[in-house]
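Here's the structure, in structure tokens; my notes come after.
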Amino acid sequence: MDLLEYQGKQLFTRRGVPVPQGRHAASVEEAVQAADEIGYPCVVKAQVQIGGRGKAGGIKVAQNREEARAHAEAILGLDIRGLTVRELWIEEASEIAVEYYASVVFDRSAKAPLLMLSTQGGMDIEAVADEDPDAIAGLHVDPLLGFQDFHGRRLAFEAGIDEDVVRPVGAMLAKLYEVFVAEEATLVEVNPLIVTPDRQVKALDAKVTLDDNALFRHAENAELRDLSNEDPQERMAKERGLTYVKLDGDIGILANGAGLSMSTLDLVAEAGGSPANFLDAGGGSKAEAITSAVEVILSNPKVKAVLFNIFGGITRCDEVARGLIEAFNQIGAGGKSIPFVVRLDGTNGEEGRALLADANLPNVFIESTMDGAAEKVVELAKQAEAAPA
Ligand code: GDP
Ligand code: MN
Numbered sequence: 006m007d008l009l010e011y012q013g014k015q016l017f018t019r020r021g022v023p024v025p026q027g028r029h030a031a032s033v034e035e036a037v038q039a040a041d042e043i044g045y046p047c048v049v050k051a052q053v054q055i056g057g058r059g060k061a062g063g064i065k066v067a068q069n070r071e072e073a074r075a076h077a078e079a080i081l082g083l084d085i086r087g088l089t090v091r092e093l094w095i096e097e098a099s100e101i102a103v104e105y106y107a108s109v110v111f112d113r114s115a116k117a118p119l120l121m122l123s124t125q126g127g128m129d130i131e132a133v134a135d136e137d138p139d140a141i142a143g144l145h146v147d148p149l150l151g152f153q154d155f156h157g158r159r160l161a162f163e164a165g166i167d168e169d170v171v172r173p174v175g176a177m178l179a180k181l182y183e184v185f186v187a188e189e190a191t192l193v194e195v196n197p198l199i200v201t202p203d204r205q206v207k208a209l210d211a212k213v214t215l216d217d218n219a220l221f222r223h224a225e226n227a228e229l230r231d232l233s234n235e236d237p238q239e240r241m242a243k244e245r246g247l248t249y250v251k252l253d254g255d256i257g258i259l260a261n262g263a264g265l266s267m268s269t270l271d272l273v274a275e276a277g278g279s280p281a282n283f284l285d286a287g288g289g290s291k292a293e294a295i296t297s298a299v300e301v302i303l304s305n306p307k308v309k310a311v312l313f314n315i316f317g318g319i320t321r322c323d324e325v326a327r328g329l330i331e332a333f334n335q336i337g338a339g340g341k342s343i344p345f346v347v348r349l350d351g352t353n354g355e356e357g358r359a360l361l362a363d364a365n366l367p368n369v370f371i372e373s374t375m376d377g378a379a380e381k382v383v384e385l386a387k388q389a390e391a392a393p394a
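Structure, rendered in structure tokens:
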């Protein structure tokens, strides 16, 4: 789960990472009031889960109330690379002498957290990594030993930061590491980490990703989910407890088992189609579960055809077929005219397909092989594209 800047800064404050003072605002009036409370100059910052807000006009300094109002009006509703700004963070303006970059990220290949520090702060760190990788100093932390003072000193030395701020930057890294561990984050990134002209060190930006699988241990963080900017299909799937990932294409996919789901995506792509989602329906054959999953698939307006790829293992195909027939009857009642291709194979495969065939369901095509099913669904999607309903 990605947090908004101000939410990340709340976690920072909880753990003693110095950040500028700020207030949240969701309307122009709230923004003006927050700016008055903070005082001028202040910064009006768009709260969206995407970097590069500065360049997109989502961050503006206000010298007085009129400017605060004008900036809030300009930024609220602004579209920043597909995300609409609905919230602002009003923050006391900081004077910047130097901009650094600092982060803690979980490095899976090393099975350890990786600390990074660079003097090339304030800009796109991916670009720095491409053009000047030596400008980023990195160091793994043994998760059992935790952060030690030498980590901070070594990184500061390797990155080449100003000598007089080695201590406070080291202290900040220690606290960022604490945030990372205590909040069970997979990423804690500060860009820029600034040094003010009077040599104070502060986190001017915050990018935090929390581990979804650990959220049950952090009830207070689960509330931070940004529902307004979450994809509607992914939100719906999450609420229904489904393993669903939205993709760009127009062919809805439902398979049982993650491996089969993945290979189904590959087959559809190989047949010249473009999958609209990954969805693992799990082992069951219950009509409600299938109907619920199909509702999520069809709620994506791009979907033109759907492929069910079900392998009956423990759940026999005849049981699956009964569930599917019931589900199709429920879906059919919804009045959707989207074609379905069903590939059903495995235990009692023939019986299952016979049941489906006898049910004589309109707009449902039965296939016994994965290749055949993938080709059929791609063909149907192309037909639908050529002759839109
Ligand atoms: P991002 O563009 O989405 O990463 O947003 P940031 O919070 O990192 O802000 C982008 C840039 O805006 C920073 O690198 C700063 O140069 C500038 N900025 C943000 N807040 C302040 C501030 O309080 N004072 C000054 N002078 N510049 C700021
Ligand atoms: Mn930034």
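Just remember that our numbering sits 5 ahead of the position in the sequence shown, which is counted from 1.
Virtual Cβ for every residue (Gly too), placed ideally from N, Cα, C.
Margin query: With the cut-off set at 8 angstroms, would you say residue 183 and residue 223 are in Cβ contact?
Written below: The residue given as residue 183 occupies position 178 in the sequence shown. The residue given as residue 223 occupies position 218 in the sequence shown. Contact: no.
Margin query: Does the distance between the C-beta of residue 209 and the nearest non-hydrogen atom of ligand 1 fall short of 7 angstroms?
Written below: As a working mapping, residue 209 is identified with position 204 in the sequence shown. Answer for residue 209: yes, Cβ within range of ligand 1.
Checklist line | Three-way DSSP call (helix, strand, coil) for residue 201 in this model | finding: The count along the sequence shown starts at 1 and reaches residue 201 at position 196. In the displayed model, residue 201 falls within coil according to three-state DSSP, outside both helix and strand.
Notebook entry, point to check: Taking Cβ to Cβ, would you say residue 317 is nearer than 8 angstroms to residue 351?
Noted result: On the sequence shown, residue 317 is found 312 positions in, with the first residue counted as 1. On the sequence shown, residue 351 is found 346 positions in, with the first residue counted as 1. For the 8 angstroms CB-CB criterion, residue 317 and residue 351 form a contact.
Next item on the list: Quick one: which unbroken beta strand (DSSP E) runs of 3-plus residues sit fully inside the segment 218-254? Chain order, please.
Entry: Here the runs fully enclosed are 248-251.
Note to self: Strictly by DSSP, which residues pair up with residue 282?
What the structure shows: For the purposes of this step, residue 282 is identified with residue 277 of the sequence shown, where counting begins at 1. The bridge partners DSSP lists for residue 282 are 251.
Next item on the list: Take the Cβ of residue 132 as the centre, count every other Cβ of all protein chains shown within 10 Å, and call the residue buried at 16 or more, exposed below.
Entry: Here the question's residue 132 lines up with position 127 in the sequence shown. By the 10 Å Cβ count, residue 132 comes out exposed.
Notebook entry, point to check: In three-state DSSP terms, what is residue 62?
Noted result: In the sequence shown, residue 62 corresponds to position 57, counting from 1. In this structure, residue 62 counts as coil in the three-state DSSP scheme.
Margin query: Please determine whether the Cβ atom of residue 197 lies at a distance below 7 angstroms from any heavy atom of ligand 2.
Written below: Taking the first residue of the sequence shown as 1, we reach residue 197 at position 192. Result yes, Cβ under 7 angstroms from ligand 2.
Check: Can the beta-carbon of residue 180 be found less than 8 angstroms from the beta-carbon of residue 24?
Finding: Counting from one through the sequence shown, the residue named residue 180 turns up at place 175. Counting from one through the sequence shown, the residue named residue 24 turns up at place 19. No, the Cβ-Cβ distance between residue 180 and residue 24 is not below 8 angstroms.
Notebook entry, point to check: What's the call for residue 156, buried or exposed, on a 16-neighbour Cβ count within 10 Å?
Noted result: Sequence index remark: in the sequence shown, residue 156 carries index 151 (1-based). Residue 156 should be labelled buried.
Notebook entry, point to check: Measuring CB to CB, does residue 53 end up less than 8 angstroms from residue 85?
Noted result: Here residue 53 refers to the residue found at position 48 when the sequence shown is read from its first residue. Here residue 85 refers to the residue found at position 80 when the sequence shown is read from its first residue. Yes, these two residues count as a Cβ contact at 8 angstroms.
Item checked: Integer-rounded CB distance, given that residue 281 should sit under 8 angstroms from residue 252 -> Along the sequence shown, one-based indexing puts residue 252 at 247. Along the sequence shown, one-based indexing puts residue 281 at 276. Residue 252 to residue 281, Cβ: 6 angstroms. Contact.
Check: Just to confirm, are residue 190 and residue 123 a CB contact at a threshold of 8 angstroms?
Finding: Locating residue 190 in the sequence shown gives position 185, where the first residue counts as 1. Locating residue 123 in the sequence shown gives position 118, where the first residue counts as 1. Contact: no.
Next item on the list: Could you check which residue in 203, 255 and 87 has the C-alpha nearest to that of residue 384?
Entry: If you number the sequence shown from 1, residue 384 lands on position 379. Residue 255 is the option with its Cα nearest to residue 384.
Notebook entry, point to check: What did DSSP end up calling residue 121 once you bin it into helix, strand or coil?
Noted result: The residue given as residue 121 occupies position 116 in the sequence shown. Judged by DSSP in its simplified three-state form, residue 121 adopts strand.
Notebook entry, point to check: Just to confirm, are residue 204 and residue 250 a CB contact at a threshold of 8 angstroms?
Noted result: Your numbering for residue 204 matches position 199 in the sequence shown. Your numbering for residue 250 matches position 245 in the sequence shown. Taking 8 angstroms as the Cβ cut-off, residue 204 and residue 250 do not qualify as a contacting pair.
Next item on the list: Return the first residue and the last residue of the alpha helix (DSSP H) that residue 207 is part of.
Entry: Reading the sequence shown from its first residue, position 202 is the one you call residue 207. Run containing residue 207: none in the alpha helix (DSSP H); it sits in the beta strand (DSSP E), 206-208.
Next item on the list: Compute the Euclidean distance between the alpha carbons of residue 29 and residue 271, then round it to the nearest angstrom.
Entry: Start at 1 with the first residue of the sequence shown, and residue 29 comes out as number 24. Start at 1 with the first residue of the sequence shown, and residue 271 comes out as number 266. C-alpha separation (whole angstroms): 44 angstroms.
Check: Considering only residues of the same chain and omitting the five flanking positions on each side of residue 99, which have a CB-CB separation below 7 angstroms?
Finding: In the sequence shown, the residue the question calls residue 99 occupies position 94. So the qualifying residues of the chain are 25, 199, 201, 207 and 209.
Note to self: Pop quiz: residue 185 and residue 109 are said to be a contact at Cβ under 8 angstroms. What is the actual Cβ separation, rounded to whole angstroms?
What the structure shows: Taking the first residue of the sequence shown as position 1, residue 185 is located at position 180. Taking the first residue of the sequence shown as position 1, residue 109 is located at position 104. Between residue 185 and residue 109 the beta-carbon gap is near 4 angstroms, inside 8 angstroms, which marks them as a contact.
Margin query: Taking its Cβ as the centre, do 16 or more other Cβ atoms sit within 10 Å of residue 388, making it buried, or is it exposed?
Written below: Along the sequence shown, one-based indexing puts residue 388 at 383. Exposed is the call here.
Notebook entry, point to check: Quick one: does the C-beta of residue 98 sit closer than 7 angstroms to a heavy atom of ligand 1?
Noted result: By one-based count along the sequence shown, residue 98 stands at place 93. Result yes, Cβ under 7 angstroms from ligand 1.
Next item on the list: On the DSSP bridge assignment, give the partners of residue 29 in chain order.
Entry: Counted from its first residue, the sequence shown places residue 29 at position 24. Partner residues in the beta bridge of residue 29, as assigned by DSSP, are 94.
Notebook entry, point to check: Which first and last residues belong to the alpha helix (DSSP H) in which residue 48 is found?
Noted result: For this step, residue 48 is matched to residue 43 along the sequence shown. Careful: residue 48 lies outside any alpha helix (DSSP H), inside the beta strand (DSSP E) at 47-51.
Note to self: Closer than 7 angstroms to a non-hydrogen atom of ligand 1 - does that hold for the CB of residue 127?
What the structure shows: In the sequence shown, residue 127 corresponds to position 122, counting from 1. Checking every heavy atom of ligand 1 against the Cβ of residue 127, one is found closer than 7 angstroms.
Check: Since residue 37 contacts residue 81 with CB under 8 angstroms, what's their CB separation in whole angstroms?
Finding: Here residue 37 refers to the residue found at position 32 of the sequence shown. Here residue 81 refers to the residue found at position 76 of the sequence shown. Not a contact, Cβ separation roughly 12 angstroms.
Check: Measuring from the CB of residue 56, is there a heavy atom of ligand 2 at a distance below 7 angstroms?
Finding: Taking the first residue of the sequence shown as 1, we reach residue 56 at position 51. Checking every heavy atom of ligand 2 against the Cβ of residue 56, one is found closer than 7 angstroms.
Check: Looking only at its own chain, which residues have a Cβ that is under 6 angstroms from the Cβ of residue 326, when we skip the five neighbours before and after it?
Finding: The count along the sequence shown starts at 1 and reaches residue 326 at position 321. Cβ within range, chain order: 357, 360 and 361.
Note to self: Suppose you measure from the CA of residue 112 to the CA of residue 243; what does that come to, to the nearest Å?
What the structure shows: By one-based count along the sequence shown, residue 112 stands at place 107. By one-based count along the sequence shown, residue 243 stands at place 238. Looking at the two C-alpha atoms, the distance is approximately 26 angstroms.
Check: Under the three-state reduction of DSSP, which class applies to residue 268: helix, strand or coil?
Finding: On the sequence shown, position 263 is the one that residue 268 refers to. In the structure shown, residue 268 sits in a helix (DSSP, three-state: H, G or I).
Notebook entry, point to check: Do residue 1 and ligand 1 come close, with the Cβ less than 7 angstroms from some heavy atom?
Noted result: Outside the modelled stretch of the chain, which goes from 6 to 394, sits residue 1, for which no answer is possible.
Check: Just the Cα atoms here: how many angstroms apart are residue 5 and residue 307?
Finding: Limits of the chain in this structure are 6 at one end and 394 at the other, which puts residue 5 out of reach.
Next item on the list: Please list, in chain order, all residues of the same chain as residue 134 whose beta carbon is under 8 angstroms from its beta carbon, the five residues on each side excluded.
Entry: Residue numbering aside, residue 134 sits at position 129 when the sequence shown is read from its first letter. Same-chain partners within the cutoff: 141.
Check: Using a C-beta cutoff of 8 angstroms, does residue 157 count as contacting chain C?
Finding: No chain C appears in the structure shown, which is made up of a single protein chain.
Margin query: Any heavy atom of ligand 1 inside 7 angstroms of the beta-carbon of residue 256?
Written below: For the purposes of this step, residue 256 is taken as residue 251 along the sequence shown, with counting starting at 1. The answer is no for residue 256.
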